[in-house]
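These notes are about the structure you will find just below.
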Amino acid sequence: MTHIPHDLSHVQSRDKAEILAQALPYIRQFHGKTMVIKYGGNAMTDPALQQAFAEDVVMLKLVGINPVVVHGGGPQIEGLLKRLGKQGEFIQGMRVTDAETMEVVEWVLAGEVQQDIVGMINRAGGKAVGLTGRDGGLIKAQKLKLLDQQDPSVEHDVGQVGDIVSIDPSVVKSLEEAGFIPVVSPIGFGEQGESYNINADVVAARLATVLRAEKLLLLTNIRGVLDKAGELLTNLSAVEVDALIADGTISGGMIPKIAGALEAAHSGCNSVHIIDGRVPHAMLLEILSDEAYGTMIRSH
1 MTHIPHDLSH VQSRDKAEIL AQALPYIRQF HGKTMVIKYG GNAMTDPALQ
51 QAFAEDVVML KLVGINPVVV HGGGPQIEGL LKRLGKQGEF IQGMRVTDAE
101 TMEVVEWVLA GEVQQDIVGM INRAGGKAVG LTGRDGGLIK AQKLKLLDQQ
151 DPSVEHDVGQ VGDIVSIDPS VVKSLEEAGF IPVVSPIGFG EQGESYNINA
201 DVVAARLATV LRAEKLLLLT NIRGVLDKAG ELLTNLSAVE VDALIADGTI
251 SGGMIPKIAG ALEAAHSGCN SVHIIDGRVP HAMLLEILSD EAYGTMIRSH
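Sequential numbering from 1 applies to the sequence shown in UniProt numbering.
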């Protein structure tokens with residue numbers, strides 16, 4: 001990845017100092033706290049946004065905040081399957097994951113994608129370490145039972161797609177305390193040591209809950225939660241989100257993402273932020289300023 005310099009020559013030194021001073025109350029408030037970041041979308045594929053993300057993660061660590069990164073990799077998995085001549089099959093939005101597909105998922109997530117993220121954070125000055133659910137017994141999983149939406153008596157077999165049984169965050173906490181930045185691939189393991197592909201949003205939400213994270217940050221390709229007029233809703237309570245789902249304002253592909261966010265908000269994570277990952281440094285802007293670059297869902 002080539003280094004893309006940021007031209008800040010137009011910013012006066014006084015303005016830079018003012019910006020840092022305005023961030024100070026937020027740095028003080030969140031010092032020592034854990035923030036779980038789901039990394040995906042354009043932020044994961046655009047070189048300039050990749051670099052901005054890596055710099056943001058390192059900046060958070062340097063000011064005393066503990067970032068934990070959980071990443072996806074759907075497009076990369078799809079790309080390799082196509083190169084291997086394997087046609088992806090989906091049932092109710094879930095990728096059918098047979099043994100061969102699971103091998104590809106592991107190659108991509110725990111190999112190529114994870115190591116790219118670890119490398120770019122390290123080049124930005126951080127100390128990142130890659131983990132899967134196997135490492136330190138992090139994510140125990142079981143086969144997902146997918147019931148038919150029309151007829152719940154019918155169960156679809158989607159192969160090695162996983163449902164989280166439990167998360168043991170000991171290895172993540174140990175790395176945090178030693179100054180490392182954990183980068184987690186959403187792969188769990190079962191009773192017989194078998195691997196399971198798990199939705200990255202679900203892993204991030206559950207990890208945020210177990211770690212009692214201050215914030216869960218979901219980087220996406222959308223501005224956040226929009227009302228029926230298309231306006232951004234910047235600040236919502238968990239109760240207000242429930243009402244927006246009930247009246248159809250939140251629908252379709254947003255529901256699974258919101259479901260994980262709500263679970264985290266209801267279960268001890270102080271706030272969840274759905275952030276537009278197409279905006280450079282949107283994560284820092286959301287955390288360390290009063291500007292809204294997405295939707296914050298409060299636990300209360």
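Each residue gets a CB set at the ideal place from its N, CA and C atoms; glycine is no exception.
Buried or exposed for Asn235, going by 16 or more other Cβ atoms inside 10 Å? Counting from 1 along the sequence shown, the entry for residue 235 is found at position 235. Classification of Asn235: exposed, given that the 10 Å Cβ count is below 16.
Buried/exposed call for Thr45, threshold 16 Cβ in 10 Å: Along the sequence shown, read from residue 1 onward, the residue named residue 45 stands at position 45. That one is exposed.
Tell me where the beta strand (DSSP E) around Pro75 begins and ends. Stepping through the sequence shown from its first residue, residue 75 is reached at position 75. Here Pro75 belongs to no beta strand (DSSP E); instead the alpha helix (DSSP H) covers 74-83.
Can you tell me which of the three DSSP states Gly137 falls into? As a position in the sequence shown, residue 137 is number 137, starting the count at 1. Residue state, collapsed to three classes: helix.
Across the stretch 244-258 and the stretch 181-198, are there enough close Cβ pairs to call them in contact, namely three or more that are closer than 8 Å? In short, these stretches do not touch, since the Cβ pair count stays below three.
According to the neighbour-count rule (16 or more other Cβ atoms, all chains shown, within 10 Å of its Cβ), is Pro5 buried or exposed? Here residue 5 refers to the residue found at position 5 of the sequence shown. Residue placement at Pro5 cannot be trusted, given a pLDDT of 44 that sits under 50; the coordinates are not used to answer.
Could you tell me if Phe53 is buried or exposed, where buried requires 16 or more neighbouring beta carbons within 10 angstroms of its beta carbon? As a working note, residue 53 is residue 53 in the sequence shown. Phe53 should be labelled buried.
Simplified DSSP state of Pro67, which is helix, strand or coil: Here the question's residue 67 lines up with position 67 in the sequence shown. DSSP places Pro67 within a strand segment (E or B) once states are collapsed to three.
Mind checking Pro182: buried by the 16 CB within 10 Å criterion, or exposed? Translated into positions along the sequence shown, residue 182 becomes position 182. Under this definition Pro182 is a buried residue.
Burial state of Lys257 (16 or more Cβ within 10 Å): Working through the sequence shown from its first residue, we reach residue 257 at position 257. Here Lys257 is buried. Its C-beta has 16 or more other C-beta atoms within 10 Å.
Is the stretch 18-35 touching the stretch 58-72 in the sense that three or more CB pairs, one from each, lie closer than 8 Å? Three or more beta-carbon pairs separated by less than 8 Å link the stretch 58-72 to the stretch 18-35, which places the two stretches in contact.
Local conformation of Ile222 per DSSP, three classes: If you number the sequence shown from 1, residue 222 lands on position 222. DSSP places Ile222 outside both helix and strand once states are collapsed to three, so it counts as coil.
Should Gly159 and Ile198 be called a contact, given that it needs their Cβ atoms to be closer than 7 Å? For the purposes of this step, residue 159 is identified with residue 159 of the sequence shown, where counting begins at 1. For the purposes of this step, residue 198 is identified with residue 198 of the sequence shown, where counting begins at 1. Going by C-beta atoms, Gly159 is not nearer than 7 Å to Ile198.
Taking the continuous beta strand (DSSP E) assigned at Met35, which residues delimit it? Walking along the sequence shown from the start, residue 35 turns up at place 35. Taken as a continuous stretch (DSSP letters only), the beta strand (DSSP E) holding Met35 covers 34-39.
Could you tell me if Arg223 is buried or exposed, where buried requires 16 or more neighbouring beta carbons within 10 angstroms of its beta carbon? In the sequence shown, counting from the first residue as 1, residue 223 sits at position 223. In the assembly as shown, Arg223 is a buried residue. Its beta-carbon has 16 or more other beta-carbons within 10 Å.
Among Val203, Arg134, Val154, which one has its Cα closest to the Cα of Ile164? The residue labelled residue 164 in the question sits at position 164 within the sequence shown. Measuring from the Cα of Ile164, the nearest candidate turns out to be Val203.
Return helix, strand or coil for Gly130, following the three-state DSSP convention. In the sequence shown, the residue the question calls residue 130 occupies position 130. In the structure shown, the three-state DSSP call for Gly130 is strand.
Separation of Glu89 from Glu176, as counted between CA atoms: Locating residue 176 in the sequence shown gives position 176, where the first residue counts as 1. Locating residue 89 in the sequence shown gives position 89, where the first residue counts as 1. Whole-angstrom Cα-Cα distance: 38 Å.
Please go through the same chain and pick out, in chain order, the residues whose beta-carbon is closer than 6 Å to the beta-carbon of Glu55, but skip the five residues on each side of it. As a position in the sequence shown, residue 55 is number 55, starting the count at 1. Answer for Glu55: Ala124, listed in chain order.
Please report the straight-line C-alpha distance between Asp201 and Ile139, rounded to a whole angstrom. Along the sequence shown, one-based indexing puts residue 201 at 201. Along the sequence shown, one-based indexing puts residue 139 at 139. Cα-Cα distance, rounded: 14 Å.
Delimiting residues of the alpha helix (DSSP H) encompassing Asp163: Position 163 of the sequence shown, counting from 1, holds the residue named residue 163. For Asp163, no alpha helix (DSSP H) run applies; the uninterrupted beta strand (DSSP E) run containing it begins and ends at 162-167, by DSSP.
Distance check for Met283 and Ser299, CA to CA, integer angstroms please. For the purposes of this step, residue 299 is taken as the residue at position 299 of the sequence shown. For the purposes of this step, residue 283 is taken as the residue at position 283 of the sequence shown. About 19 Å.
Inspect the CB distances between the stretch 210-220 and the stretch 100-112 and report whether three or more fall short of 8 Å. The stretch 210-220 is not in contact with the stretch 100-112.
Classification of Ile297 by the beta-carbon crowding that lies within 10 angstroms, buried from 16 upward: Taking the sequence shown and counting its residues from 1, one reaches residue 297 at position 297. It is buried - the Cβ of Ile297 has at least 16 other Cβ atoms within 10 Å.
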